[in-house]
Amino acid sequence: MPHPLLPELETLSTQVASTQAYELCGIQLLTHMSPMTLEVQIRHSSGADVSLDDCAQFSGVLGAALETSELLNEAYVLEISSPGIGEQLATDRDFQTFRGFPVEVTHRDLDDAENRFDGLLLERDDESLQINIRGRIKRIPRNQVIGVRLTSPGA
Numbered sequence: 005m006p007h008p009l010l011p012e013l014e015t016l017s018t019q020v021a022s023t024q025a026y027e028l029c030g031i032q033l034l035t036h037m038s039p040m041t042l043e044v045q046i047r048h049s050s051g052a053d054v055s056l057d058d059c060a061q062f063s064g065v066l067g068a069a070l071e072t073s074e075l076l077n078e079a080y081v082l083e084i085s086s087p088g089i090g091e092q093l094a095t096d097r098d099f100q101t102f103r104g105f106p107v108e109v110t111h112r113d114l115d116d117a118e119n120r121f122d123g124l125l126l127e128r129d130d131e132s133l134q135i136n137i138r139g140r141i142k143r144i145p146r147n148q149v150i151g152v153r154l155t156s157p158g159a
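Going letter by letter, the sequence shown gives residues 5 to 159 in this note's numbering.
So, in C-alpha cells, the structure goes:
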C-alpha cells in the first residue's frame with residue numbers, strides 16, 4: 005500500500021519538474037529506511053540526457069519546495085536520478101526513445117504461461133510489440149505483453 009503522502013509528493017514534484025523543463029518519471033517514499041528516503045526520477049522534457057549536474061540542480065529546487073510545503077515533518081533523504089537499466093518501459097515516448105536498445109519482454113502465451121524474451125526493441129504499435137532476437141523478428145500481441153524493461157547488452 006502506498007504511503008498516504010505519496011499523491012501530494014507526486015503532485016508537488018510534477019509541478020516543480022515542469023517549471024524546470026523536466027518530466028517526473030517515478031517517485032517512491034521509502035519509510036522503512038532511517039531516515040526515510042524520497043526517490044524521484046526525472047527526464048528532460050526535450051528528451052536530452054539527464055546529467056549529474058541536472059540532478060543536483062533539481063535536488064536543490066525540489067528540496068526547497070518540499071521544505072516550504074512542510075509535507076515531510078521528519079528527517080528525510082532526497083535522491084534524484086534518471087531512468088536507466090532495469091527500468092520498465094511504459095509510455096509511447098519510452099518505446100520511441102529506447103528503440104534499438106536491449107530489452108527483456110515478459111508476456112503470456114496462448115496457454116496462459118508466462119514467457120520471457122531478450123532482444124533489441126524494434127517497435128511498438130497499437131497491435132503488437134516487435135523485438136529482434138538474434139536476427140529474427142518476434143511479434144508479440146500487445147494484449148499478451150506483461151512488461152518490457154531495459155537490460156544491459158549481452159545480459
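Ideal Cβ placement from N, Cα and C applies to all residues, glycine included.
Among residues of its own chain, excluding the 5 on either side of residue i, which ones have a beta-carbon nearer than 8 Å to its beta-carbon?
i     : result
Met37 : Val81
Leu75 : Leu9, Glu12, Leu13, Leu16
Rounded to a whole number of angstroms, what is the C-alpha to C-alpha distance between residue i and residue j?
i      : j      : result
Gly104 : Val149 : 18 Å
Phe121 : Gly139 : 13 Å
Ile84  : Ile137 : 34 Å
Ala52  : Leu124 : 21 Å
Arg128 : Arg97  : 11 Å
Ala94  : Leu126 : 15 Å
Gln32  : Leu114 : 35 Å
Glu118 : Cys29  : 27 Å
Leu70  : Ser17  : 9 Å
Glu27  : Phe99  : 16 Å
Pro11  : Leu133 : 31 Å
Glu91  : Arg153 : 5 Å
His7   : Gly151 : 24 Å
Gln61  : Arg112 : 42 Å
Within a Cβ cutoff of 7 Å, which residues of the same chain sit near residue i, ignoring the five residues on either side of it in sequence?
i      : result
Val65  : Val20, Gln24
Glu131 : Pro145, Arg146
Val54  : Ile46, Arg47, His48, Ser86
Ile135 : Val107, Val109, Phe121, Gly123, Leu124, Leu125, Leu126, Lys142
Asp58  : none
Ser73  : Leu16
If we count the other Cβ atoms within 10 Å of its Cβ and call it buried at 16 or more, is residue i buried or exposed?
i      : result
Gln45  : buried
Leu56  : exposed
Asp116 : exposed
Give a single yes or no on whether residue i has its beta carbon closer than 8 Å to a heavy atom of the ligand SAM.
i     : result
Leu76 : Summarising the ligand content, the structure contains no ligands, and the ligand SAM is consequently not present.
Identify the residues that DSSP records as bridge partners of residue i: which are they?
i      : result
Val81  : Thr41
Val149 : His111
His48  : Tyr26
Leu154 : Val107
Leu34  : Thr41
Return the chain-ordered list of same chain residues with a C-beta closer than 6 Å to the C-beta of residue i, the five sequence neighbours on each side being excluded.
i     : result
Leu42 : Leu33, Tyr80, Leu82
Glu14 : Ile31
- prompt: Taking the runs of the beta strand (DSSP E) that are 3 residues or longer, which of them lie wholly in the stretch 82-139?
  reply: 106-112, 118-128, 132-137
Sequence ranges, alpha helix (DSSP H) only - wholly within the stretch 51-77, length at least 4: 56-73
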